[in-house]
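Following: one structure in C-alpha cells, then a few remarks.
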Amino acid sequence: EVWPAMAAVLSSGSSRGPSGRAFAADLRRGGRCRRHANAGTLCTVAALAALIGGAASLDLCRAASAAVASVLPVWALERVAIVCATHGNELTGEWLKLRAERRPELVQRPSISSLKLLVANPAALNATRRFVDEDLNRQFLVESLGNMSLASYEAQRAKVLDACLGPKSSREEAAADFVVDLHTTTSSMGITYIAEPWSPVGVAAACWCKRQLQPIVDAGELPEVRVVLESLDRASSPHLISVGREGIMIEIGPVPQGLLRADACRWMEVSTSTLMDFVEALNSGQDLNLPPTAMVFRDISEKIPIPCDADGRPTAIFHPDLQGKDFEPLHKGDPMFSGLDGEVIRYDGEHGDVIWPIFVNEAAYYLRESGLGFGVALFEEVDVPAVVVDASLSRRGALRGGIGAGVREAGGAAAQGVT
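Residue numbering for the sequence shown follows this note's numbering, beginning at 26 and increasing consecutively.
Okay, structure coming up:
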C-alpha cells in the first residue's frame, strides 16, 4: 500500500497540508526527511506525510520510520575479490585460494560476474614472512597511496592493489564491489568476521554469517563465531579492504605463523563459503531475515601495552588467567601480565570497568612496528543495516587489470597484467 502511494505523490506532487508539501518537496529533490534524517528515496514517512498532512502526519511518520528507517540500498556485489597472504606468513588463506581454483563452487556463485582470487603480498609469501619492508595492511590511506616517494615493497604493492580493486580515492568508481581479506592469528579468536562501520554490507554479512554458522558451532563442529566491529571510517582505515566499495576481513585462530593446520583450513573454507552464500542471497533478492540489532565486539582502536625495556624487549608476559581468553570479560583488578620479579600487573579500569580483550598474545605484536600488547573491545548492541540491492546500481563486467601471477580467476588460468 505504501509504495504505490509514494509513486502517486511523486508523480502528482500534490499533498494535503503544508507539512506534506514540505516532505514531498524534500523527497523529489532526493533530500532527507526533516523529522528523521532518512534518505529521501527510502523514507516512506515522507510519502505518508505528503498524502495525509496535518497533525496526523507526525504520528504516521513515527510509526513508519520504525519499520523503514534502516532499509539501505546498496550496489549488487557482482565483482568480488578474495584476497589472501596480505601477511606472507599466514598460509591458510592461500590454501583456500588453491582449493577454490580446483573447486570453484566453494566460492563462485551465479550472481557474481567476476571473482578474483588474489595473493596480496607474493614476495612475503614466498619468504614466509609477515612482510618484506613493512606491514601491507597499514598502507591503504589515501595520502599513502598517492605518495609516489614511498618506496618500500609494500607501499608499492598497495598502489598496485588499489589500481586493481579501487581506487580508494573514489568509492563510487571502485572496481571491486566487495573485498574479502583472509587472515590468521596466533590468538584464540576462533572464526571472527571483522567489519568496519563504513561498509554496511560488511556489517550485515558478518551478522548473517554468524547466525548461519551457529547450528554448526552448537554441534561442536566449529569454534565460536564472533563479529568484531572496528571504529574506523573509510578514510581513516589503512586496511586493504578499504579500497573496495564494501569489504570484510576473516580472522581464524589460533594458528601458528608459517604453517597449515587442517582444522583451521576447514574453518576458513566454511566461513568464506558462507560469506559467498550471503553475497548470493543479497544479490538475488532473497529475504536475509537480518535482525534489527546484534551483539558485537566493538574494537575501540586501543591497545593495552605490555611493559617493555628501553630496547623494546618485554619485561612481562601474559598472565595465565588472560592467556587464550580472547573475547572473555576482563574486569578492573583482574590480572593481565606477570613481571620479571613475579609481580602481577592488573587491569586498572582505564577503558571501563569491564573490557573484552582481543588478539591476546598475538605473535605479530612482538614486532616493534606493531607494539606488544592486546586489543581492547567492548561488547555492545549495534544496529544491523537492512541492506537491499538497488537494481539500478547493478553492473556487469570483470574487475579491471591484473596484478601478475598473484591474480587468478576462480577456476581459470592465472591472469596476465601489471606486475
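Each residue gets a CB set at the ideal place from its N, CA and C atoms; glycine is no exception.
Cross-strand partners of GLY272 (DSSP beta bridge): VAL204
Integer Cβ distance of TYR390 from GLY398, believed to fall under 8 Å: 6 Å
For GLY218, the three-state DSSP class (helix, strand or coil): Checking the sequence shown, residue 218 turns out to be Tyr, not Gly. Strand at TYR218.
Status (buried if at least 16 other CB within 10 Å, exposed otherwise) for PRO135: Residue burial is scored here from C-beta neighbours: PRO135 has fewer than 16 other C-beta atoms within 10 angstroms and is therefore classed as exposed.
Separation of PHE156 from CYS232, as counted between CA atoms: 31 Å
Buried or exposed (CB count within 10 angstroms, at least 16 for buried), ALA49: Bear in mind that a pLDDT of 47 at ALA49, under 50, signals an unreliable position, so the model cannot answer this.
Assigned secondary structure, TRP120 (DSSP; H/G/I helix, E/B strand, else coil): helix
Reduced DSSP secondary structure (H/G/I, E/B, other) of PHE384: coil
Proximal residues to LEU150 (C-beta, below 7 Å), its chain only, five neighbours per side dropped: ALA110, GLY113, GLU119 and VAL144
Which of helix, strand or coil DSSP assigns to PHE322: In the structure shown, PHE322 sits in a strand (DSSP, three-state: E or B).
Beta carbon proximity, GLN282 to chain C, threshold 8 Å: Note that chain C does not occur in the displayed structure, where there is just one protein chain.
Backbone CA spacing between HIS376 and ILE216 [nearest angstrom]: 25 Å
7 Å Cβ shell around LEU247 - same chain, five flanking residues per side excluded: ILE216, LEU238, ILE241, TRP292 and VAL295
Coil, strand or helix - MET293 by DSSP: helix
C-beta contact flag for ALA228 and PRO316 at 8 Å: The amino acid occupying residue 228 in the given sequence is Val; Ala does not appear at that position. No.
ALA287 to LEU365 span [Cα, whole Å]: 37 Å
DSSP beta-bridge partners of ALA411: Under DSSP, ALA411 shares a beta bridge with VAL96.
Under the three-state DSSP convention, the category LYS184 falls into: helix
Sequence-distant residues of the same chain with beta carbon closer than 7 Å to ILE331, five excluded per side: PRO339, ALA341, PHE362, LEU397 and GLY398
Rounded C-alpha distance that separates ALA94 from VAL226: With a pLDDT of 48 at ALA94, under the threshold of 50, the predicted position of this residue should be treated as unreliable, though the coordinate-derived value follows. Straight-line Cα distance between these residues: approximately 16 Å.
Buried/exposed call for GLU197, threshold 16 Cβ in 10 Å: With fewer than 16 Cβ atoms within 10 Å of its Cβ, GLU197 is classed as exposed.
Beta-carbon proximity of LEU140 to LYS122, cut-off 8 Å: no
VAL204 to ASP359 span [Cα, whole Å]: About 38 Å.
Cβ-based burial, SER213 [other Cβ within 10 Å; buried from 16]: It is buried - the Cβ of SER213 has at least 16 other Cβ atoms within 10 Å.
Local conformation of ARG57 per DSSP, three classes: Its pLDDT being 38, under 50, ARG57 is placed unreliably by the model, and nothing is read from it.
Chain-order list of residues whose beta-carbon lies under 6 Å from that of GLU255 (same chain, five-residue window excluded): Residues GLU221 and ASP324 of the same chain have their beta carbon placed closer than 6 Å to that of GLU255, with the five preceding and five following residues left out of the count.
Selected residue, minimal CA-CA separation from VAL132, among SER262, ILE107 and GLN164: ILE107
Best match in PRO192, LEU300, ASP158 and ARG127 for proximity to LEU170 [C-alpha to C-alpha]: PRO192
Any beta strand (DSSP E) of 3 or more consecutive residues that is wholly inside the region 225–271: Counting whole runs of 3 or more residues, the region 225–271 contains the beta strand (DSSP E) stretches 250–254.
Identified DSSP bridge partners for GLY278: GLY215
CA nearest to the CA of ALA411, picked from LYS184, ALA319 and ALA200: ALA319
Reduced DSSP category for ALA335 - H, G, I as helix; E, B as strand; rest coil: coil
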